[in-house]
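In what follows, a structure is listed as structure tokens, so that the remarks can point back to it.
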Amino acid sequence: MMNTKISIDNLIEIIRTGGKIKTGVDVYNKKGTLLLDKDVLVEKIKILEIIKDNGINSVPVNAALNGGLWDGEGNLINVNADGLIDSAESGSGVISEPVIESPENDSVFPDVATNEIEMRLLEIEEIKEQAAQKYTEAKQSIKKVLTDIKSTGGQFDYDEVQSNVSELANFLVVKDNPFSYLTQEIFSYDEYLYNHSINVCTIGTAVLNQFNKHFSGVVDELLKGNTSEIYNPFEKESKKQDKSFTCYYSDDLSDISLGFFLHDMGKIIVPDEILNKEGRLTEIEFDEVKKHSYEYGSNLLDKNHIKNSAIRNIIKYHHAPLYEGEERCYPIDKKHTEIPLYTKICKLADIYDAMTSKRCYKEAINPISVVTRLFRDYAKKDHMLQYILHAFVKSIGIYPPGSIIFLRNGQMAYVLESKGPIVLPFTDETEKTLTHKPDPIDISATDTEESKKVDNRRSVKAPKDVYDMLPPYIKKIID
């Protein structure tokens, strides 16, 4: 039996233009997990993107087993014996490579994912694995920076950390803030400074990307609106550029992410007994802590000949006031209107992570409570802060995919998507594991019962914390 392998990118393009696909052959990843059932009619790009993320660049299609490709009008896209898609019918001119069917393509793995929910469960766990690995690499990087500063009297390898953070930032863009998938079980308060540096970088970068996209679009539309009022009989609408304004460009974003990563490096100079003190700091101790930004951090940049203005602004001013009259802020040599937007993002990310993290002297605060406080404290103070805060909420993932939440009726649920969130209940109201697979619930839907809203009085859990209550179809994904 002959299969024909088609490029995954070409298949995505077929779906994007309204077409449909059925492989006729089961598609597995390297771990033997079924990613796509042979009889599933693919109508959404998401399934193919998951397959591509698993390192599979081409997919077999077997017409003899009812597999096929159809265009947006329902016409069959022909693939000839040489593996060439008929461009006269499909308009794509895609060339495919014939391949002999191997035993690996046979259905030899029982009890595998056969629907979109289980594929989403698989995707979440794989993203969590990737994010955890990147987090470990980032922690090694910031540890090296701070260790080098201590051992050399202030020197560190700027080029190396720049390369590491650039890779981290790219991962964040490609995976759309994958660190929101990580729950607090990978963090430890005895390594708070390392974790905090990474968290502020990842949260800040995600918020920055969201803000940049949204705010640039708003300004761009305003600019287009203004220019349309000026009549020019020689300029056709088609000649207009798609985008007139961008707040931050790619190089800017890389520098800012690096600034987020290094924002607290001056704290390595502050004595540990002050940083980890339980209870309120004395005025003298607080003055010492404040130096980590405008004195110690700035001096470290000078010692390493780092002149980048974005990095300098973030390190020096990430505790500066965000509005006129804000208390306990430092330094105060600039007006709040002079503080760059990216530095304001850093401050909010810094506050959020500090409040939601467990320390040796305090428990973590519920993310919902923290976001509520940020809005209460800042949203009405400044219009730009409103843009930042809305980008913040869209980015951080208050309910991380792959985490466990409680509903008001007592049920426990697995989070499939942060937005909503969309959850999958797996226990009844008495916390007994359900014997059937329920339908997902969109908490934000207007017809969702009050009893099935999130119980914010109870903290978000990791799957391992409630492992014994998980149903088999979730256990097999996280094992």
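So for the sequence shown, numbering that gives the first Met the number 0 puts the first residue at 0; every next one is plus one.
Yeah, the Cβ is synthetic: ideal placement off N, Cα and C, and Gly gets one too.
Since we're looking at a predicted model, the values are computed, not measured.
Could you check which residue in the options has the C-alpha nearest to that of residue i?
i	options	result
L257	V392, N169 and Y472	N169
G73	E124, I49 and I13	I13
L75	G54, K19 and K133	K19
N53	T151, L207, Y27 and E428	Y27
P462	I421, P437 and P399	P399
A131	G152, K143, K266 and L171	L171
I395	D427, L207, E449 and F260	L207
K143	K379, V160, Y295 and G17	V160
K451	Q129, L423, R372 and T151	L423
N307	I255, L145 and V453	I255
F214	I126, D441, Y386 and L274	Y386
On the CB-based measure, 16 or more other CB atoms within 10 Å of its CB, does residue i come out buried or exposed?
i	result
F285	exposed
A63	exposed
V217	exposed
N56	exposed
K431	exposed
Y248	exposed
Q410	buried
T3	buried
L469	buried
G278	exposed
T204	buried
K315	buried
I283	exposed
S150	exposed
Taking 6 Å as the limit between beta carbons, can you name the residues of its chain near residue i, skipping five residues before and five after?
i	result
D251	none
K393	Q209
K239	Residue confidence for K239 is low, a pLDDT of 42 falling below 50, so the modelled location carries little weight and cannot support an answer.
A319	C328 and I338
K379	none
Give a yes or no on whether the C-beta atoms belonging to residue i and residue j are separated by under 7 Å.
i	j	result
L415	P439	yes
S402	G419	no
S196	S253	no
I404	L120	no
V24	K37	yes
N312	P330	no
K21	L40	yes
Y193	K138	yes
G66	T16	no
N408	E428	yes
What's the gap between the Cα of residue i and the Cα of residue j?
i	j	result
A353	L221	37 Å
P59	I116	23 Å
T281	E325	20 Å
L347	I148	26 Å
V465	T445	29 Å
S458	L68	47 Å
S162	S140	10 Å
C328	S292	11 Å
I344	Y134	21 Å
Q154	I350	28 Å
P471	I123	16 Å
I364	Y413	21 Å
K45	E337	43 Å
Y341	M264	18 Å
A309	N211	15 Å
V199	D381	22 Å
I11	K357	43 Å
L300	K266	13 Å
F260	S297	15 Å
E136	I202	17 Å
E272	E287	12 Å
H262	R375	25 Å
I421	T447	11 Å
D152	L145	For the sequence presented, residue 152 should be read as Gly rather than Asp. If you take the alpha carbons of G152 and L145, they lie about 10 Å apart.
E128	H435	28 Å
K290	I5	59 Å
R372	L167	29 Å
K361	F391	24 Å
N77	M118	29 Å
Residues in the same chain with beta-carbon distance under 7 Å from residue i, minus the five sequence neighbours each way, listed in chain order, please.
i	result
I7	L47, I50, K51, I55, N56, S57 and V58
P157	Here residue 157 is Tyr; the residue named in the question, Pro, does not match the sequence. Cβ neighbours of Y157 beyond the five flanking positions: N303 and I305.
F425	M411, A412, Y413, T432, L433, L469, P470 and I473
T355	A363, I364, P366 and V369
K235	Unreliable positioning characterises K235 in this predicted model, as indicated by a pLDDT of 43, which lies under 50. A coordinate reading is not provided.
Quick one: what's got a C-beta closer than 8 Å to residue i's C-beta in the same chain, skipping five residues either side?
i	result
Y377	L321, Y322, L347, L384 and L388
E294	G265
7 Å is my cut-off, CB to CB: does residue i come that close to chain C?
i	result
V369	The displayed structure is made up of one protein chain only, and chain C is not part of it.
Closer than 6 Å: is that where the CB of residue i sits relative to any heavy atom of the ligand ADP?
i	result
L257	No copy of the ligand ADP occurs in the structure displayed, which carries no ligand at all.
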